[in-house]
Amino acid sequence: MKRGFTIGSTTDGPSNSRPPNIRQKRSKTNQACSACKKSKTRCEVLESESSDGNRCHRCTVLAISCSFGEAIHDAPQHAPPSNSTSPASTSASTSPPASSSIPANILTQLLNVTEVSDHPINLEPLPLPVPPSLRRSGTVDWIDTPVYAIRTLSRIEYNPSGARNDPMVHVDNVLRDILSAQQLDSLLQTFEEKFSPWLNLPPRDPHQDSAFLRLAKCLVASRLLDAPTRASIVPRMQELTDKTVGRALFNPAPAADSIQAMVVLALWATVGAGLGVAPRDERLMIAAGVSMAINLRLNDSVAHLLRIEADEVDDRPAAVDLEELRNKARLFLTRFLSRLCMGTGRLPLSIRKASDHDAIDWSSSATIESGRDARLALSGQIYATTEAGLHVRFEKLADLDFFYLKVLEMFSEFDNLENFLAPLSAVTEHENFQVFVMQMEWRMCRLLFTNHCLGEIGKAYGGGQSLPRGWYCEVVSNGICLPETWGKQSLLLAQGILTSAISQFKNLTEASAVPDSIFAMLCSTAAFLVRIKISAHSAQGVRIPGSSDMLLQRTRELLMTATCGPDHIPAQCARIIVSLVDTYEAHIRVPLPQEQDTDSAKSIDQSQESGGLPGDDELGAGMSLGLSPSMYEATDLDSDFWASFMNNLAADGQICCRVKALCWGRDRDRDRDLAGTQLTACGPQARWETEDQLTTEVRALVLDPLLRSERQRVHRFPRPIPAQA
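Below, the structure written as structure tokens:
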């Protein structure tokens, strides 16, 4: 019975045995009508709406057309035939299905939506990670990363005018709010006339520069404005510059103008920002510029340019592209990082190769561009030679002759550079003042190398302790006492540098536009001269003969006249020189003790000198001179050396006067007798019957480094006649 009942019940259909409130399961291929699909919701048919089974609940509430019935009609018939027997079987309960994970309140809110917004939600786009195929120019490859390419194109602003889309256009807008149009043009023109020649780059239209470069130029040129105007605009430009520098440093694809702007900001510190503003580290600024240049592969532009010039490439670029490549090579060959790192103990990031000076044609100085190329090439060789010289070390006393030969090679390199530098000021037709300063840089670099050699000798013979008395007599190579010879050369160089600076820095506007590193090197030269004066007075008790005191005073006056404000580097250098001179004057007013040991003498000297010496941060982070009391201990010479040094100065001065008198024909007989007396007292015993009987030893005295100005006149004397027994 039970078996027959079961079979019979199946023939009657399952709809008669199911409860009327059970909803028939709909096919998953027809989840929603077209209207509900747009709002991403499911269609629901309630029991109260079962009479109209072809419409869903949402479309009924919104009174819109519904395609729910069509979707059911077009759906594939996967369900059994009995599924369509009753309309009630296709209805659903008022409660959501048990399989749904949407809460009831959320579902109700979704069903009660009455309108779909036509405007998308304003979400801020997140920055995309850098794809592997990102090129150095900032564009992406369409084939490798099409999505990134679309996103990049979509971020380009619509510009119907066709103007250039500057990524730092807001910098230009803020700059124009700070400066008027007339002030902006005036500052840019001032920079091109006064400051641009120091960069040794070809002249260009400043209005074609990027906003960052224009901002840097205006900030530097503002030092020549009057004080009230400078006080009103410089702080705001300085704040804008600090923000722009941060953006430029983190730019993955920097521009060449940004590198040049970093160079400009490193060479000239801001004037007028106030003494309380923390100075920038010029070395870090320009080192960041070098890193940006390497990211742009400007270091490869020099080698590529050389290959093009040698016709080693298949496709020679057009003239415009070749000039752009040459400008990139010029920008990378600027050796301003070496200038700022010179004498500070830091090594520059960019190393100049031997073939770099062949990349730029500097054989002529007829035009402004060729003259700047010549200075660019020669200044690079000056600092490359100095860097090589500062790497020469003297570690063992047994290597004295080898060390002396290496020093002679470096001096020969400096002499070769002088062969190019000496006639340049006479043959160049433009920017002669820049040529003179480059020649002065050559002498300051030579002084720095000579001082380095003296320091190496002092460290080797001192061994970390005080130098013994008469130690310099043992430092003899090839018959030459190295400390005495190099010491005199250093004194001559220091006085010559300061003398030439005083005589040539006459135009105040040009002097104010000189890079700050030049003033720092002048101050270092003055400090070296004061060091020699203090050391000589400590050992001998007398002043060095000559006009060195007046020379230091005129140097301080020169720096003060070139000052644009109290926070300008020349003003700080002048204060340092005043402090050094006051230290020297206080030193000579203290009576020298008659007998004391070396340690007590050093302690007295340190206590007297430390009060007037400036700190390393006096000139800012990138302009320190390294002045400290230990500087005087490194290469101080004992009293015997300074006694010999002072006696040679006096004797050479008398010989110089006598030789001048002999050459100029002033009272020849009297001067001949006086010259014979002085030369007999200073040199070997000999009789002097005529002025042509100068001995070889006397000629050696006349050819001393302190008498180089007399070299040409003395060389015309014939070989001397030996004295009679």
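Okay, so the sequence shown: first residue is 0 according to numbering that gives the first Met the number 0, each after it adds one.
Even glycine gets a Cβ: it sits at the ideal position worked out from N, Cα and C.
Keep in mind that this is a model prediction, so the values were computed, not measured.
For the alpha helix (DSSP H) holding Val173, just list the boundary residues, first then last.
168-177 is the span of the alpha helix (DSSP H), which, as asked, contains Val173.
What do you reckon, are the CB atoms on Arg555 and Ile531 nearer than 8 Å?
No, they are not a contact pair.
Buried or exposed, going by whether 16 or more other CB atoms sit within 10 Å of the CB of Phe549?
Note that residue 549 is Met in the sequence shown, not Phe. With fewer than 16 Cβ atoms within 10 Å of its Cβ, Met549 is classed as exposed.
Any chance the segment 236-244 sits against the segment 403-420, with 3 or more Cβ pairs inside 8 Å?
As far as the Cβ criterion goes, the segment 236-244 does not touch the segment 403-420, which means the pair count is below three.
Smallest Cα separation from Arg306: which of Ala292, Asn294, Leu321?
Checked all of Ala292, Asn294, Leu321; the closest Cα to Arg306 is Leu321.
What separation, rounded to the nearest whole angstrom, lies between the Cα atoms of His56 and Leu45?
So the two alpha carbons sit approximately 7 Å from each other.
Using the Cβ count rule (16 or more neighbours within 10 Å means buried), how would you classify His586?
Label assigned to His586: buried.
Can you tell me which residues form a DSSP beta bridge with Ser476?
DSSP lists Ile479 as partners of Ser476.
Do Phe190 and Val233 have their C-beta atoms within less than 8 Å of each other?
For Phe190 and Val233, no; Cβs fall outside 8 Å.
Below 8 Å between beta carbons: does that hold for Ala776 and Leu295?
Within the shown structure, residues of the chain are numbered from 0 to 724, placing residue 776 beyond reach of any answer.
Thinking C-beta only, is Leu579 closer than 8 Å to Ala526?
Contact flag set, yes.
Can you check whether the CB of Leu264 is closer than 8 Å to the CB of Arg213?
Cβ distance not < 8 Å, so Arg213 and Leu264 don't count as in contact.
What three-state label does DSSP hand Gly461 in the structure shown?
It is helical.
How many whole angstroms separate the CB atoms of Pro202 and Lys216, which I take to be in contact at a CB cut-off of 8 Å?
Their Cβ separation, rounded to whole angstroms, is 13 Å, which puts Pro202 and Lys216 out of contact at 8 Å.
Cutting at 6 Å between CB atoms, please list the residues of its own chain near Ala633, excluding the five before and the five after it.
Low confidence applies here, because Ala633 scores a pLDDT of 38, under 50, leaving its location unreliable; read the following figure in that light. Cβ within range, chain order: Gly454, Gly457.
Hey, how far is the Cα of Val513 from the Cα of Ser546?
Each residue's Cα considered, the two are about 26 Å apart.
On the criterion of 16 or more Cβ atoms from any shown chain inside 10 Å, does Val262 qualify as buried, or is it exposed?
With 16 or more Cβ atoms within 10 Å of its Cβ, Val262 is classed as buried.
Kindly list the residues whose CB is nearer than 6 Å to the CB of Cys572, restricted to its own chain and excluding five residues on each side of it in sequence; keep chain order.
Phe518, Cys522, Leu558, listed in sequence order.
The alpha helix (DSSP H) that contains Leu558, what's its start and end?
Leu558 -> alpha helix (DSSP H) spans 547-560.
Roughly how many angstroms lie between the CA atoms of Leu673 and Leu404, to the nearest whole one?
In this predicted model, Leu673 has a pLDDT of only 36, less than 50, meaning its place in the structure is not dependable; the value taken from the coordinates is given anyway. Taking the straight line joining both Cα atoms gives about 39 Å.
At which residue ranges does the segment 203-231 contain complete alpha helix (DSSP H) runs of 4 or more residues, listed in the order of the chain?
Taking only runs of at least 4 residues, the alpha helix (DSSP H) segments lying wholly in the segment 203-231 are 210-220.
Could you pull out every residue in the same chain whose Cβ sits closer than 6 Å to the Cβ of Phe504, ignoring the five residues on either side in sequence?
Counting only Cβ-Cβ distances below 6 Å, and skipping sequence neighbours, we find Ala510, Leu557.
Which residue comes first and which comes last in the alpha helix (DSSP H) that contains Val426?
Taken as a continuous stretch (DSSP letters only), the alpha helix (DSSP H) holding Val426 covers 423-426.
Keeping to the same chain, check which residues put their C-beta closer than 6 Å to that of Gln188; ignore five residues upstream and five downstream.
Around Gln188: no qualifying Cβ.
Here's the rule I'm using: 16 or more other beta-carbon atoms within 10 Å means buried, otherwise exposed. How should Gly478 be labelled?
Gly478 comes out exposed.
Which same chain residues end up closer than 8 Å to Ala387 when comparing Cβ atoms and leaving out the 5 residues on each side of it in sequence?
Taken in chain order, the residues that qualify are Met409, Glu412.
Find the nearest neighbour of Gln259 within the set Asn199, Val270, Pro227, judged by alpha-carbon distance.
Checked all of Asn199, Val270, Pro227; the closest Cα to Gln259 is Asn199.
Going straight from the alpha carbon of Trp267 to that of Asp515, what length do you get?
Using only the alpha carbons, I get a separation of about 6 Å.
Give the straight-line distance between the Cα atoms of Leu492 and Ala309, rounded to the nearest whole angstrom.
Distance between the alpha carbons of Leu492 and Ala309 is about 41 Å.
Using only the alpha-carbon positions, how far apart do Ala373 and Ala397 sit?
Each residue's Cα considered, the two are about 42 Å apart.
Mind checking which residues open and close the alpha helix (DSSP H) that includes Ala570?
Where Ala570 is concerned, the enclosing alpha helix (DSSP H) stretches over 568-588.
Rounded to the nearest angstrom, what separates Leu304 and Lys395 at their Cα positions?
Rounded to the nearest angstrom, the two C-alpha atoms are 44 Å apart.
I think Phe419 touches Leu377, with their Cβ atoms under 8 Å apart; what is that distance to the nearest whole Å?
Indeed they touch by this definition, with Cβ atoms about 6 Å apart.
Measure how close the beta-carbons of Gly271 and Arg229 come, nearest whole angstrom, since I'm counting them as under 8 Å.
Yes, Gly271 and Arg229 are in contact; Cβ-Cβ is about 4 Å, under 8 Å.
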